[in-house]
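Protein chains in written order, with the working numbering: chain A, 6 to 116; chain B, 6 to 116.
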DNA sequence: TTTATTCATCGTAATATTGCAATATATTAT
DNA sequence: ATAATATATTGCAATATTACGATGAATAAA
């Protein structure tokens, strides 16, 4: 085997896991934080900033783009990337939904 | 190659990515949600609930335990698992810190 | 038209993850 | 002591991820 059995889980569980997977690499966290700071940037900026190869950055950008966390607009030979605010908010809600299921005010219930 | 270049990133970025990685599988999301609902359970409960093999559940539990999201206390032949409230809150803060870096009230700044 | 710039994609190697059967370990019950 | 129960660990196969050089495609500048 070696393939995730997605059929065993709910759509919500698979979706949350997929978003978490997109955030599960420090380079992608760094890209997101850089985009938050600078508002927009190009692939080349990130190569400079992070010190990974151009192809590697491009690959990470594609993963973030695939689940719609970021979007890219072509401008000449460059591609301007930025965070998708709607998706960002929906992801935030997704995680808050998970976090708030747990009543942290009642720690005595732990085993 | 094929190994994450953690030295290129900050401790905070690596930590956030590691936590996200622990959440990046629907089985582990399901385990956490089941624990939130039932407060405590054993490996066998999760085998019944999720339909994965015992060895597979045990492996997922170990991953969650390794980053301290859950803890297990031995009781006879069984092990009672539960969520670690302190760690849960610190993880929640970690994600909120990321989400709140982005000013979602200003969507016009997107590319 | 040629050259430079920027980015995506392909191919490949190294490593990590997922899943499970088989086995080991540890405790409880008979 | 033996059997039953519950979980962890080992070993292995299938698949996925990470990283990067090389190449391709597309636009801009000379």
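Cβ coordinates follow ideal geometry from the N, Cα and C atoms, glycine included.
Please read these numbers as outputs of a predicted model, since none were measured by experiment.
Legend entry - Near-chain A residues of the segment 43-68 of chain B - C-beta to any C-beta below 8 Å: Under the 8 Å Cβ criterion, the segment 43-68 of chain B contributes 44, 45, 55, 56, 57.
Inset, instruction - Indicate the three-state DSSP secondary structure (helix, strand or coil) for residue 77 of chain B in the structure shown. - result: Counting from one through the second chain, the residue named residue 77 of chain B turns up at place 72. It is a strand residue.
Legend entry - residue 87 of chain B beta carbon less than 9 Å from that of residue 76 of chain A: Residue mapping note: residue 76 of chain A aligns to position 71 of the first chain, counting from 1. Residue mapping note: residue 87 of chain B aligns to position 82 of the second chain, counting from 1. With respect to residue 87 of chain B, residue 76 of chain A sits apart: the two C-beta atoms are not nearer than 9 Å.
Inset, instruction - Could you tell me whether any Cβ in chain A is nearer than 9 Å to the Cβ of residue 72 of chain B? - result: Locating residue 72 of chain B in the second chain gives position 67, counting from the first residue. No, no contact with chain A.
Inset, instruction - Check whether the Cβ atoms of residue 85 of chain B and residue 46 of chain B lie closer than 9 Å to each other. - result: Start at 1 with the first residue of the second chain, and residue 85 of chain B comes out as number 80. Start at 1 with the first residue of the second chain, and residue 46 of chain B comes out as number 41. Yes. Within cutoff.
Inset, instruction - Check whether the Cβ of residue 81 of chain A lies closer than 9 Å to any Cβ atom in chain B. - result: On the first chain, residue 81 of chain A is found 76 positions in, with the first residue counted as 1. With its beta carbon at least 9 Å from every one in chain B, residue 81 of chain A lies outside the interface.
Inset, instruction - Identify whether residue 48 of chain A lies in helix, strand or coil by the three-state DSSP scheme. - result: Residue 48 of chain A sits at position 43 when you count from the first residue of the first chain. Reduced to three states, the DSSP call for residue 48 of chain A is helix.
Legend entry - Contacting residues, own chain, Cβ-Cβ under 8 Å from residue 61 of chain B (five flanking each side not counted): Looking up residue 61 of chain B in the second chain gives position 56. These residues qualify, in order along the chain: 32.
Inset, instruction - Give the interface partners of residue 36 of chain B over in chain A, defined as CB-CB distance under 8 Å, in chain order. - result: Position 31 of the second chain, counting from 1, holds the residue named residue 36 of chain B. Neighbours of residue 36 of chain B on chain A: none; closest Cβ ~10 Å, over 8 Å.
Inset, instruction - Kindly identify the DSSP beta-bridge partner or partners of residue 85 of chain A. - result: As a first step, residue 85 of chain A is located in the first chain; it is residue number 80 there, counting from the start. BP columns for residue 85 of chain A point to A:78.
Inset, instruction - Could you name the residues of the same chain whose beta carbon sits closer than 6 Å to that of residue 52 of chain B, not counting the 5 residues immediately before and after it, in chain order? - result: For the purposes of this step, residue 52 of chain B is identified with residue 47 of the second chain, where counting begins at 1. So the qualifying residues of the chain are 59, 62.
Legend entry - chain B within 9 Å of residue 7 of chain A, Cβ atoms only: For the purposes of this step, residue 7 of chain A is taken as residue 2 along the first chain, with counting starting at 1. Residue 7 of chain A is outside the set of residues whose beta carbon lies under 9 Å from a beta carbon in chain B.
Inset, instruction - Quick one: list the residues of chain A neighbouring residue 97 of chain B, beta-carbon separation under 7 Å, in chain order. - result: Taking the first residue of the second chain as position 1, residue 97 of chain B is located at position 92. Residues of chain A with a Cβ closer than 7 Å to the Cβ of residue 97 of chain B are, in chain order, 104.
Legend entry - Proximal chain A residues relative to residue 26 of chain B, where beta-carbon distance stays under 7 Å: Mapped onto the second chain, residue 26 of chain B falls at position 21. 29, listed in chain order.
Legend entry - Pairwise C-alpha distance: residue 71 of chain B and residue 102 of chain B: Along the second chain, read from residue 1 onward, the residue named residue 102 of chain B stands at position 97. Along the second chain, read from residue 1 onward, the residue named residue 71 of chain B stands at position 66. Spanning the two alpha carbons is a distance of roughly 23 Å.
Legend entry - Nearest residue (CA-CA) to residue 68 of chain B, options B:27, B:78, B:14, B:18: If you number the second chain from 1, residue 68 of chain B lands on position 63. Residue B:27 holds the alpha-carbon nearest to the alpha-carbon of residue 68 of chain B among B:27, B:78, B:14, B:18.
Inset, instruction - Would you mind telling me which residues of chain A sit closer than 8 Å to residue 86 of chain B, beta carbon to beta carbon, in chain order? - result: Taking the first residue of the second chain as 1, we reach residue 86 of chain B at position 81. Under the 8 Å cutoff, chain A gives 116.
Legend entry - Buried/exposed call for residue 65 of chain A, threshold 16 Cβ in 10 Å: In the first chain, residue 65 of chain A corresponds to position 60, counting from 1. Residue 65 of chain A is buried by the Cβ-count criterion.
Legend entry - Cα-Cα separation, residue 57 of chain A to residue 17 of chain B: In the first chain, the residue the question calls residue 57 of chain A occupies position 52. In the second chain, the residue the question calls residue 17 of chain B occupies position 12. If I take the Cα positions, the gap works out to 18 Å.
Legend entry - Other residues of its chain near residue 19 of chain B: CB distance less than 6 Å, five sequence neighbours each side excluded: Translated into positions along the second chain, residue 19 of chain B becomes position 14. Cβ neighbours of residue 19 of chain B beyond the five flanking positions: 11.
Inset, instruction - Just tell me which of B:100, B:15, B:48, B:7 has its CA closest to the CA of residue 105 of chain A. - result: Taking the first chain and counting its residues from 1, one reaches residue 105 of chain A at position 100. The alpha carbon of residue 105 of chain A has as its nearest neighbour, out of B:100, B:15, B:48, B:7, the alpha carbon of B:100.
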